[in-house]
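To start, the structure under review is shown below, and the notes come after it.
In our numbering, the protein residues as written are 9 to 343.
Written as structure tokens, this is what we have:
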């Protein structure tokens, strides 16, 4: 079963699967794309005996689809029931979901966002992931090469299907958190400063050199929503350490609290100096540094403006671990 919103790599995948002797079943525009490439494909309505209805809201929500996905082929009674019902089992489910988060980020209307809440896709993904002893589920076009390699080699191993299932459940979890977070915000009063529910997911972006101390481990995780220090563009220097991140986070939060030009210097999570200026960011940094020049040595500097030449020349003479500076109106993006 192939049902994807993002058609990246679809023709290559379908062609490779067909060449390997795999029978393809697909939905809507996915089936049309495959057929347009002269690759044999069975429309899902030929499997269900039921047409796509309600502007595409109902395509795969049918027992002939979900029974085929959820049947545990290790159980003789499941195979018997499939045969009695005339249902064909699926061995591979390839699905990616409607771009809900991107639609919200685009500033679309509430109704437009609601239309991008995928129902059938997550249902198939979760069903296939639950039944990973019998079915492989793929949610990322970047994995299509691995799919074709596995099919060519005779199929997926159980361990490979477990890995794919875990990725699939993470995918639907991130999707559900995005939908729940958005709809909670829509439903709550506009003046609610403290939401009644907050959900989030994070993906590991990097394994850091060590933790707060050399004998400890640490990693950097990036959230799906919003921008922050973890998404900053590093322009120079070695990889950031755990302590670099914690000090940089404290510094930029302190600097970003101010409307005037502000510089904050942090070392070991303690402020060495914070200052604002009506003159320039270089003046703000000078004042912050003069609060405690000794402790500022080897510290982390954050400023809520772009770094000026005057400030850069002064900082060049001071040993500094990290400089965080504003590049956009909304978030730190350079360090």
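Cβ coordinates follow ideal geometry from the N, Cα and C atoms, glycine included.
Under the rule that 16 or more other beta-carbon atoms within 10 Å means buried, what is residue 182, buried or exposed? The residue is buried, with at least 16 neighbouring Cβ atoms inside 10 Å.
Might you give, ordered along the chain, the residues of its own chain that have their beta carbon closer than 6 Å to the beta carbon of residue 104, omitting 5 neighbours on each side? 12, 13, 14, 147, listed in sequence order.
Closest to residue 307 by C-alpha separation, out of 118, 297, 128, would be which residue? Restricting attention to 118, 297, 128, the CA atom closest to the CA of residue 307 is found in 297.
Short check: CB of residue 263 to CB of residue 310, under 7 Å? Judged by their CB atoms, residue 263 and residue 310 are nearer to each other than the 7 Å cut-off.
Terminal residues of the continuous alpha helix (DSSP H) containing residue 7? No statement about residue 7 is possible, as the shown extent of the chain runs from 9 to 343 and does not include it.
Quick check: the Cα distance between residue 5 and residue 110, rounded to an integer number of angstroms? Examination of residue 5 is not possible in this model, given that the chain is present from 9 through 343 alone.
Which residues in the same chain have their Cβ closer than 6 Å to the Cβ of residue 19, if we skip the five residues on either side of it in sequence? Within the same chain, residue 19 has close Cβ partners 45.
Helix, strand or coil for residue 275? Go by DSSP, reduced to three states. Strand, per DSSP.
On the CB-based measure, 16 or more other CB atoms within 10 Å of its CB, does residue 327 come out buried or exposed? Exposed, because fewer than 16 other Cβ atoms sit within 10 Å of the Cβ of residue 327.
Residue nearest to residue 206 in terms of C-alpha spacing, selected from 192, 98, 62: Relative to the Cα of residue 206, the nearest Cα in the group 192, 98, 62 belongs to 192.
Along the chain, which unbroken stretches of the beta strand (DSSP E) at least 3 residues long are found entirely within the segment 72 to 159? Listed in chain order, the complete beta strand (DSSP E) runs (minimum 3 residues) inside the segment 72 to 159 are 100 to 104, 144 to 146.
When we look at the beta-carbon of residue 140 and count the other beta-carbons within 10 Å, is it buried (16 or more) or exposed? By the 10 Å Cβ count, residue 140 comes out buried.
If you pair each beta-carbon of the segment 124 to 142 with each one of the segment 66 to 84, do three or more pairs fall below 8 Å? Three or more pairs of CB atoms, one per stretch, sit closer than 8 Å, so the segment 124 to 142 contacts the segment 66 to 84.
Please report the straight-line C-alpha distance between residue 138 and residue 184, rounded to a whole angstrom. Across the structure, residue 138 and residue 184 are spaced so that their CA atoms are roughly 17 Å apart.
Check the C-beta distance from residue 194 over to residue 118 and give it rounded, since I have them as a contact under 8 Å. That belief holds up - the Cβ atoms of residue 194 and residue 118 are roughly 6 Å apart, short of 8 Å.
I think residue 101 touches residue 30, with their Cβ atoms under 8 Å apart; what is that distance to the nearest whole Å? Not confirmed; about 12 Å, so no contact.
Can you name the residues that DSSP bridges to residue 301? Answer by DSSP bridge pairing: none, since residue 301 is not bridged.
Rounded straight-line distance, which links the Cα of residue 151 to that of residue 4: Since the displayed the chain opens at 9 and closes at 343, residue 4 lies outside it and no answer follows.
Roughly how many angstroms separate the alpha carbons of residue 243 and residue 39, rounded to a whole number? Distance between the alpha carbons of residue 243 and residue 39 is about 45 Å.
Ends of the alpha helix (DSSP H) at residue 29? Unbroken run through residue 29: none, as it is neither H nor E.
Determine the DSSP secondary structure at residue 49, reduced to helix, strand or coil. Annotated three-state conformation of residue 49 is coil, per DSSP.
Give the C-beta separation of residue 72 and residue 95 to the nearest angstrom, bearing in mind that I take them to be a contact with Cβ-Cβ under 8 Å. Confirmed, Cβ separation roughly 5 Å.
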